[in-house]
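Enquirer:
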Amino acid sequence: MSAELSEAEKIRLKRAAKLEQQAEEQKKRQEEQQRSTGQDQQQQQQARKLKPLPILDETNPTPAVKPKFRSTVTSSTSPQNTSTVTTSTSPAETKNRITSTPTVQAPAKSFEEWQNDAYSRILQVTLDPNAVYKRGICVYLYSLVQELEEENESKPYLLKMDLLDRVLIARMSLDPNEPHAELPADVQASLKIRPFDYLLKCWKQAQDIRRNTLIRSKNLEQSVLNQRINALDLVKNLLISYSGLIIQIPDMFPQSDSILEQGPAQLVPKLLADPDSSDGLPRSYIADLVSRFADEGLDTILGPALSMISAQVRQFSIISNFTPHLQSLLILCENKTVAASLTTFPDFDPQNALASNIEQLSLLGPFFSLSAYPDSAPDVGEKYFQHSEDRNQADLNSAMNGLRGTMRNLERSLFTLSNSIVRSGTEPRELLLNYFGHILKLNEKRAQMQVDPRTVASGGFMRNVCTTLLAFCEPFLDIRASKIDKIDTTYFRTSNRIDVKKDTKINADELQSDAYYNAVQPTTNHNFITEIFYLTLTFLHCGPIRSFVNFNHFIREYGELKKQCDKAQEDAAQSANSPQGVIQDYVAKQLKKNFEKMTQQKLAYETMLLDPEFLSQVMQFYNLVMAWLIRMVDQKHRHPWDTVQLPLPHDIPENFSMLPEWIIEDIVEYFIFLGKYGYETQVIKSHPQEELVTFIITFLRNMKYIKNPYLKAKFVEILFFFTHPLGNGIPGELEAMLNSNPLALKHLVPSLMAFYVDVEQTGASSQFYDKFNIRYNISHVMKRIWNHPMHREQLREESKNQELFTRFINMLMSDITYLMDESVSKLIEIHQIQTDMEDIASWQAQPMETRQEREANLQSLERQAQSYIALGNETIHMLGYMSGEVVEPFMVNEIVDRLAAMLDYNLSQLVGPKCTELKVKNPQKYHFQPRKLLSEFIDIYLNLNTPTFVQAVARDERSFRKEYFSKAASILLKYRLKSNDDIMALEQFVNQVAKAVQSGADEEDELGEAPDEFLDPIFFSLMEDPVLLPTSGIIVDRSTIRAHLLSDSRDPFNRAPLQMDMIQPATELRDRILAWKTQQKQSKMDTSL
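Numbering (the working numbering), first residue to last: 54 to 1142.
Structural data, given as structure tokens:
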């Protein structure tokens, strides 16, 4: 032999030396086994003399379905040890091997001959130079034959079990880049195949022969069949061992210089191919490979390959062909060992990842990042929603549904993948939860109002993780919440996976929160339901809920761009023949282009965010969250099994107070989004609504449980959206529930009235304007439920609480006064600008800048007028139907005079001398219906027609005019807004007021001018019940300060905190006033005598 050996020869010699001793021992055992088998076969042939059934079809083995099995290699990493294997067979194989047949045939060939033929056919090698073409193209192993000759092996040389290791080494040690004189050209060409492909091809051939052997050899003696199956299993396991080692050690054997992909990269195209195709890796092959290398470097075989597949997916979007990549991962994870191993790969949860790149660097991240969100997949909108303005809605809906179908398939696959990991063992499950927790920690900023999207994970990535978690939640989202007690309410305090210590709490300050969360050492002992519940809660917070909020901002920008686009188109048309025309036309085209792109983005967002299936999953989850929160504050802790009893206990449970405020905020944001944009999805209609109503009523009725007033305001906003009529007389989705739910019937009206008062002071800089929007929503809800007698009965009951009801009426009057004033002033300004614009010559004579400025001002005034008038209409309407139900609470001293003055003033605005200034073009555009408004004001006068109210109207010297009522009556009669009986009642009321005015004038004449010290310092009227304000030392009338404190709890003179029980009667001054009045009247009488 040559002194200089090639690398392949060194490997072969080294392995041959290791095998020599075992080969001798195996040879002896094999010879004994063969002699025993030969004797059995000879006896069987003599006894039966039956013609043997051929086992191998030399030209066309019959294809069949591959049997499922698992091979367990009990050896170390050395491939030769695979001779000792345990192969489990499927029930079908066992049946084929043990089922008795009427006749048993003797084999046509000896075991040695069959073994040689089978191995030659499998490995495509031969030790016979004359058999190169006998079974296809076989490689003549010249070097191995030489070794056997040197070892004085008996001829003929046959392929057998104890030579398998040496045969494979000899075959794969042949360098395809060097000439081999002993081989024909076509045989030498067959060496070009890469070693892994060769071994895989051999394994598939062995699998086919094994299957055919079981199918076609049913009549063979059982011992013969078992012997052959064992021989085939041996070669299969040896092929598995070598194929794994070649992936781990790519240069173990020589390869063709033209082959570029080595090591794990060779697996990638095969994993992406269909496992049942000629290019794929059969499931049984994967099972054998995993079983063999489970503890010996499986991560070095599959890990890099999966990383390469994951890297390819980074370049994809939801409309790319990612299915093979995802399918390859799913097939691998059908094997529990692979699923468990996945979490141990270095890139499964890279600790060096940032929020912005974890979806790219982590193994599963690229799969989870596939979506139609415009921020991560701009090509989706461009492909699916081009020229949307020219397409009908059905076409757009079809495009959306197609994308949603793809997303749903992806989501199901991602859950299947994650579920495989969870079910593969406790440790893999924990590592998967750690991965999700790591994503949350990195993306805490996603929940902030202002965040650069480039510094955090994409919305699609967070959404897909969230849908996976929602799927895990499904088993415990049953309508009865049967597993609600398995959710540990102390999780945020006792787990490090999610950190909420710095977050604002529902009802605790920072010091209280720190003391609570630092008092307990975290533990990892939490059940899976608890882990998934809190992860889902937090992923919704950082993912979809933030997307809902961002979409709201996006829609505002979209609306603004549309206005700009329309204005630019109008300007371009007007300046078409002017020098500015070219510029205006360019600007208009650019804005239109931007608007079209933004429309594509809008449709892509709607595809993702308004998917009914996704929204349904979220609502099911939040139904459980709401029940869970109520259960925490329920005194009996039985909700939802037994409905919560209101009011709640005075003491707020600590574990509720210390929860992050964003839990409740996310719930309300979800339902507000659903109300604004998701009506057509019918999600709220198709799911139980009772939990939502119970949740809102519970915390509106017990307002101190939630510190943030804006969260309570959003409760009312939800009621507003879902009681808004759908059109054609169809009520909103929640209206029926609010008129039937026992908690709503008893507590809704008192809750709304109390919140109407409470929202006066929110603590925010914008509280003055915020309160009007909130109160508008309250008034709308009240109007929608007012027809139910139980709600009206609750108003009557609540009116007995004089302090609350008086404050409520005071707020109502203040709002009407402000809103009507603002409405009138804006309408007057609009009227003036419209009048100026009607004079075309004068208008065109003004400078362009002036015209543009006034036009912009007109648009602003119109928006303000629409808002103020709409708010005012609802408030006046509410005062009208409430005054029709109860009258006495409106007659208290601190209310009745202000109420009369407010009504008189607004009547003068509607029918007084300046009413013509309220005439504007298209008043419906501003919701301005002066005749209807006038009718409602007259209704209030008639509702309150009592002697006390008559006197109050009579005391209003500033605004009461009898002629205003006469003009109002004529208008209402002319347009048939009031009956004759109503007009007669109005005339009687006005006549009574006129008499009271005259009587009051006579009394004033009697008293004459009062001393200044007897006059109220605010209204300059004679005090009836003077009181001392201890905070400022000023004396005012009791009714004056009482009315002031209804809306402001501070001293009007020095702004010091002041309450009614602090006020001291000014008894001495009161007695002096009474004495003065008596003296004045007596003097008047004496004078008249």
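The beta carbon of each residue, even a glycine, is placed where N, CA and C say it ideally should be.
(1) What does DSSP give as the partner residue(s) for P713 in the beta ladder?
(2) Sorted by chain position, which residues of the same chain lie with C-beta nearer than 6 angstroms to V598's C-beta, five sequence neighbours on each side aside?
(3) Here's a check: name, in chain order, each residue in its chain whose Cβ is nearer than 6 angstroms to the Cβ of L798, leaving out the five neighbours to either side.
(4) Could you compute how far the alpha carbon of S535 sits from the alpha carbon of E941?
(5) Is L423 helix, strand or coil by DSSP?
(6) Span of the beta strand (DSSP E) holding P1079?
(7) May I have the straight-line CA-CA distance separating A1047 from K1015, to the nearest angstrom?
(8) By the 10 Å Cβ neighbour count, where 16 or more other Cβ atoms means buried, how is N926 classified, buried or exposed?
(9) How far does the alpha helix (DSSP H) with V940 in it reach, from first residue to last?
(10) Would you report the Cα separation of G728 and H740, rounded to the nearest angstrom?
(11) Buried or exposed for D531, please, with buried defined as at least 16 other CB atoms from any protein chain shown within 10 angstroms of its CB.
(12) Can you name the start and end residues of the alpha helix (DSSP H) that V321 belongs to?
(13) With a 10 Å radius around its C-beta and 16 neighbouring C-beta atoms as the bar for buried, classify V118 as buried or exposed.
(14) Buried or exposed: G297, going by 16 or more other Cβ atoms within 10 Å of its Cβ?
(15) Three-state secondary structure (DSSP) at S131?
(16) Taking DSSP's pairing of strands, which residues face P1118 in a bridge?
(17) Please report the straight-line C-alpha distance between E111 and L351, rounded to a whole angstrom.
(18) Using DSSP bridges, identify the partner residues of Y193.
(19) Taking the beta strand (DSSP E) that D1090 falls in, what are its first and last residues?
(20) To the nearest angstrom, how far is it from the Cα of I293 to the Cα of A340?
(21) Which word fits R951, buried or exposed, when buried means at least 16 other C-beta atoms lie within 10 angstroms of its C-beta?
(22) Please report the straight-line C-alpha distance between A629 and D638, rounded to a whole angstrom.
(23) With C-beta atoms as the reference, is T576 less than 7 angstroms away from T547?
(24) When burial is assigned at 16 or more other CB atoms within 10 Å of the CB, is M901 buried or exposed?
(25) Under a Cβ-count criterion, where at least 16 other Cβ atoms within 10 Å of its own Cβ denotes burial, should Y1028 be classed as buried or exposed?
(26) Going by beta-carbon coordinates alone, are V678 and L701 separated by less than 7 angstroms?
(27) Between the segment 904 to 918 and the segment 859 to 872, can you find at least three pairs of beta-carbon atoms closer than 8 angstroms?
(28) State the start and end residues of the unbroken alpha helix (DSSP H) segment that holds A447.
(29) For Y730 and L663, I'd like the C-alpha separation in whole angstroms.
(30) With a CB to CB cut of under 6 angstroms and the five nearest residues on each side skipped, what residues in its chain are close to A425?
(31) I'd like the list of long-range same chain contacts for E412, defined as Cβ closer than 6 angstroms, with 5 residues on each side in sequence excluded.
(32) Could you give the C-beta distance for Q653 and S441, rounded to a whole number, given that I count them as a contact under 8 angstroms?
(33) Between the Cα of F306 and those of T583, N863, S451 and R224, spot the shortest distance and give me the residue it belongs to.
(34) From D402 to L493, what does the alpha carbon distance come to, in whole angstroms?
(35) Roughly how many angstroms separate the alpha carbons of N794 and I759, rounded to a whole number?
(36) Are the beta-carbon atoms of C618 and K646 separated by less than 7 angstroms?
Expert: Judging by the given coordinates:
(1) Translated into positions along the sequence shown, residue 713 becomes position 660. Its beta-bridge partners are K558.
(2) By 1-based counting over the sequence shown, the position of residue 598 is 545. Sequence check: residue 598 is Ile here, not Val. Counting only Cβ-Cβ distances below 6 angstroms, and skipping sequence neighbours, we find D719 and E722.
(3) Locating residue 798 in the sequence shown gives position 745, counting from the first residue. Result list for L798: M843, in chain order.
(4) Numbered from its first residue, the sequence shown carries residue 535 at position 482. Numbered from its first residue, the sequence shown carries residue 941 at position 888. Per the coordinates, the alpha-carbon of S535 lies some 49 angstroms from the alpha-carbon of E941.
(5) Position 370 of the sequence shown holds residue 423. In the three-state DSSP reduction, L423 falls in the coil class, being neither helix nor strand.
(6) Translated into positions along the sequence shown, residue 1079 becomes position 1026. Note, P1079: beta strand (DSSP E), P1079 to L1081.
(7) Here residue 1047 refers to the residue found at position 994 of the sequence shown. Here residue 1015 refers to the residue found at position 962 of the sequence shown. When rounded, the distance between both Cα atoms is 8 angstroms.
(8) Along the sequence shown, read from residue 1 onward, the residue named residue 926 stands at position 873. Buried.
(9) If you number the sequence shown from 1, residue 940 lands on position 887. Annotation: V940 is outside any alpha helix (DSSP H) and is labelled neither H nor E by DSSP.
(10) Locating residue 728 in the sequence shown gives position 675, counting from the first residue. Locating residue 740 in the sequence shown gives position 687, counting from the first residue. Straight-line spacing of the CA atoms in G728 and H740 works out to 14 angstroms.
(11) Sequence index remark: in the sequence shown, residue 531 carries index 478 (1-based). D531 should be labelled exposed.
(12) On the sequence shown, position 268 is the one that residue 321 refers to. Looking at the DSSP string, the run of the alpha helix (DSSP H) that includes V321 is L320 to L325.
(13) In the sequence shown, residue 118 corresponds to position 65, counting from 1. Per-residue confidence for V118 stands at a pLDDT of 36, beneath the threshold of 50, marking its modelled position as unreliable; no derived number is given.
(14) By 1-based counting over the sequence shown, the position of residue 297 is 244. Buried, by the Cβ-count rule.
(15) In the sequence shown, residue 131 corresponds to position 78, counting from 1. Residue placement at S131 is flagged as unreliable, the pLDDT there being 44, under the threshold of 50; a coordinate-derived value is accordingly withheld.
(16) Position 1065 of the sequence shown, counted from the first residue, corresponds to residue 1118. In DSSP, P1118 forms a bridge with V1080.
(17) The residue given as residue 111 occupies position 58 in the sequence shown. The residue given as residue 351 occupies position 298 in the sequence shown. Confidence in E111 is poor, its pLDDT being 37 and thus under 50, which makes the residue's placement too unreliable to answer from.
(18) Here the question's residue 193 lines up with position 140 in the sequence shown. As DSSP reads the structure, Y193 sits in a beta bridge with T179.
(19) For the purposes of this step, residue 1090 is taken as residue 1037 along the sequence shown, with counting starting at 1. It spans I1088 to D1090 - the beta strand (DSSP E) in which D1090 sits, taken as one unbroken run.
(20) Locating residue 293 in the sequence shown gives position 240, counting from the first residue. Locating residue 340 in the sequence shown gives position 287, counting from the first residue. Spanning the two alpha carbons is a distance of roughly 10 angstroms.
(21) To locate residue 951, count along the sequence shown from 1; it is residue 898. Around the Cβ of R951, a 10 Å sphere holds 16 or more other Cβ atoms; the residue is buried.
(22) By one-based count along the sequence shown, residue 629 stands at place 576. By one-based count along the sequence shown, residue 638 stands at place 585. If you take the alpha carbons of A629 and D638, they lie about 8 angstroms apart.
(23) To locate residue 576, count along the sequence shown from 1; it is residue 523. To locate residue 547, count along the sequence shown from 1; it is residue 494. Yes. Within cutoff.
(24) Counted from its first residue, the sequence shown places residue 901 at position 848. Label assigned to M901: exposed.
(25) Position 975 of the sequence shown holds residue 1028. Residue environment for Y1028: exposed (fewer than 16 other C-beta atoms within 10 angstroms of its C-beta).
(26) Numbered from 1 along the sequence shown, position 625 holds the residue referred to as residue 678. Numbered from 1 along the sequence shown, position 648 holds the residue referred to as residue 701. The beta carbons of V678 and L701 sit no closer together than 7 angstroms.
(27) By the C-beta criterion, the segment 859 to 872 is judged not to be in contact with the segment 904 to 918, since fewer than 3 inter-stretch pairs fall below 8 angstroms.
(28) Taking the first residue of the sequence shown as position 1, residue 447 is located at position 394. Membership of A447 in the alpha helix (DSSP H) is indicated by the continuous run Q446 to R476.
(29) Numbered from its first residue, the sequence shown carries residue 730 at position 677. Numbered from its first residue, the sequence shown carries residue 663 at position 610. Take the alpha-carbon of Y730 and the one of L663: they are about 8 angstroms apart.
(30) Walking along the sequence shown from the start, residue 425 turns up at place 372. Taking C-beta separations shorter than 6 angstroms and ignoring five residues to either side along the sequence, the partners of A425 in its chain run I371, V433, L456, A657, T660 and M661, following chain order.
(31) Here residue 412 corresponds to residue number 359 of the sequence shown, with the count starting at 1. Excluding sequence neighbours, E412 sits near G418, S422, A510 and F514.
(32) Indexing the sequence shown from 1 puts residue 653 at position 600. Indexing the sequence shown from 1 puts residue 441 at position 388. Cβ atoms of Q653 and S441 come within 8 angstroms of each other, at about 7 angstroms.
(33) Numbered from its first residue, the sequence shown carries residue 306 at position 253. Of the residues T583, N863, S451 and R224, the one whose Cα lies closest to the Cα of F306 is R224.
(34) Position 349 of the sequence shown, counted from the start, is the residue given in the question as residue 402. Position 440 of the sequence shown, counted from the start, is the residue given in the question as residue 493. Linking D402 to L493 through their CA atoms gives a straight-line distance of about 13 angstroms.
(35) Reading the sequence shown from its first residue, position 741 is the one you call residue 794. Reading the sequence shown from its first residue, position 706 is the one you call residue 759. Straight-line measurement puts the Cα of I759 at about 23 angstroms from the Cα of N794.
(36) Within the sequence shown, residue 618 is the residue found at index 565, counting from 1. Within the sequence shown, residue 646 is the residue found at index 593, counting from 1. The Cβ atoms of C618 and K646 lie no closer than 7 angstroms to each other.
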